[in-house]
Amino acid sequence: MGRQSSSLEPTLVLAKKRPGTWPEEAHGSSWRAETWRGQRRRGRTSWRTQGMRTWSSGSWTCLTSSPSERLLSSSSKVEEKQVNILINNAGVMMCPYSKTLDGFEMQLGVNHLGHFLLTYLLLDLIKNSSPARIVVVASVAHTWTGLRLDDVNSERTYDAMKAYGQSKLANVMFARSLAKRLKDTGVSVFSLHPGVVQSDLWRHQHQCIQMAVKVFRIFTKTTVEGAQTTVYCAVEPGLESQSGGYFSDCAPARCSRTASDDDLAQKLWEISCDMLDITWQ
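Numbering (the UniProt record's numbering), first residue to last: 1 to 281.
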């Protein structure tokens with residue numbers, strides 16, 4: 001990915017979770033944006049780490065805090081000449097009820113609103129770096145439930161599984177909506193299901209479920225295997241015509257009927273902007 005330029009290297013920003021930590025345990029400090037540099041060789045791009053930028057207190061940029069994300073954006077626009085790939089990968093799964101520093105239900109706040117805001121803040125830089133890609137790591141869990149527009153922040157009732165499914169549904173709908181808004185800009189957008197991955201995302205599940213994951217690990221993916229579809233969507237040539245698409249196992253996949261509802265997606269977009277106090281048409 002990236003422009004054919006001898007003076008500029010392609011840049012990737014990866015929103016991810018700090019290994020072994022959870023927001024409620026790390027006091028909102030466990031989410032980061034990591035910058036990578038690319039080198040083009042023989043028509044391909046290889047990546048090497050540039051290290052974490054210190055955009056906020058310490059080395060971690062908090063995706064549970066909108067002020068921290070805004071600081072990240074302003075700093076990156078000064079320090080980075082381009083961002084060719086944004087991978088929205090931070091996630092929390094079926095955790096006990098808690099809220100982000102901005103008062104959002106944790107799963108909705110981290111899995112959807114944090115990525116929504118980070119993308120919004122970096123979008124001008126990304127568009128100026130075209131061709132570029134935005135990858136949203138969703139899940140097949142988006143098929144588990146619908147959108148509770150009357151209680152999207154789970155203020156009245158909270159079901160950890162449904163809240164997770166709703167946040168992943170929001171991921172798919174966000175990617176589809178954003179792709180339409182970025183048509184003809186040179187920026188492609190994709191969402192994906194990484195598979196059932198052996199990671200500490202299962203930490204908050206009942207011991208029986210954790211045991212089942214271990215017993216049937218032969219049918220699950222390692223973290224390296226689970227990253228393959230993300231990498232595919234980020235760098236595979238020729239995917240531009242499928243912008244807005246949903247992928248699984250490095251191939252196009254079918255998302256749920258609800259995820260394909262453009263009217264519902266527009267309502268989610270408006271609610272997200274209202275919750276974050278931003279204007280994004």
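Ideal Cβ placement from N, Cα and C applies to all residues, glycine included.
Just checking my contact of L149 with I271 at CB under 8 Å: how many whole Å lie between their CB atoms?
The pair is a contact, with the Cβ atoms about 7 Å apart (cut-off 8 Å).
Give me whichever residues DSSP pairs with residue 324 in a beta bridge.
Residue 324 cannot be examined here, being either before or after the span of the chain that is shown, 1 to 281.
Just the Cα atoms here: how many angstroms apart are S256 and G165?
Approximately 12 Å, taken between the alpha carbons.
What does the Cβ neighbour count give for P194, buried or exposed, with the cut at 16 atoms within 10 Å?
It is buried - the Cβ of P194 has at least 16 other Cβ atoms within 10 Å.
Here's the rule: buried if 16 or more other CB atoms are within 10 angstroms of the residue's CB, otherwise exposed. What is R133?
By the neighbour-count rule (16 or more Cβ atoms within 10 Å), R133 is buried.
Alpha carbon to alpha carbon, how far is E105 from S154? Give it in angstroms, no decimals.
If I take the Cα positions, the gap works out to 7 Å.
Taking the alpha helix (DSSP H) that H115 belongs to, which residues open and close that run?
Looking at the DSSP string, the run of the alpha helix (DSSP H) that includes H115 is G114 to K127.
Hey, V197 and Y246: beta-carbon distance below 9 Å or not?
The answer is no: Cβ separation not under 9 Å.
Where do the N-terminal and C-terminal ends of the beta strand (DSSP E) with R133 fall, by residue?
Note, R133: beta strand (DSSP E), A132 to V137.
For E105, write down the residues that DSSP places opposite it in a beta bridge.
Answer is K99, bridged to E105.
Buried or exposed: which applies to R176, given that a residue is buried once 16 or more other Cβ atoms fall within 10 Å of its Cβ?
Buried: at least 16 other Cβ atoms inside 10 Å.
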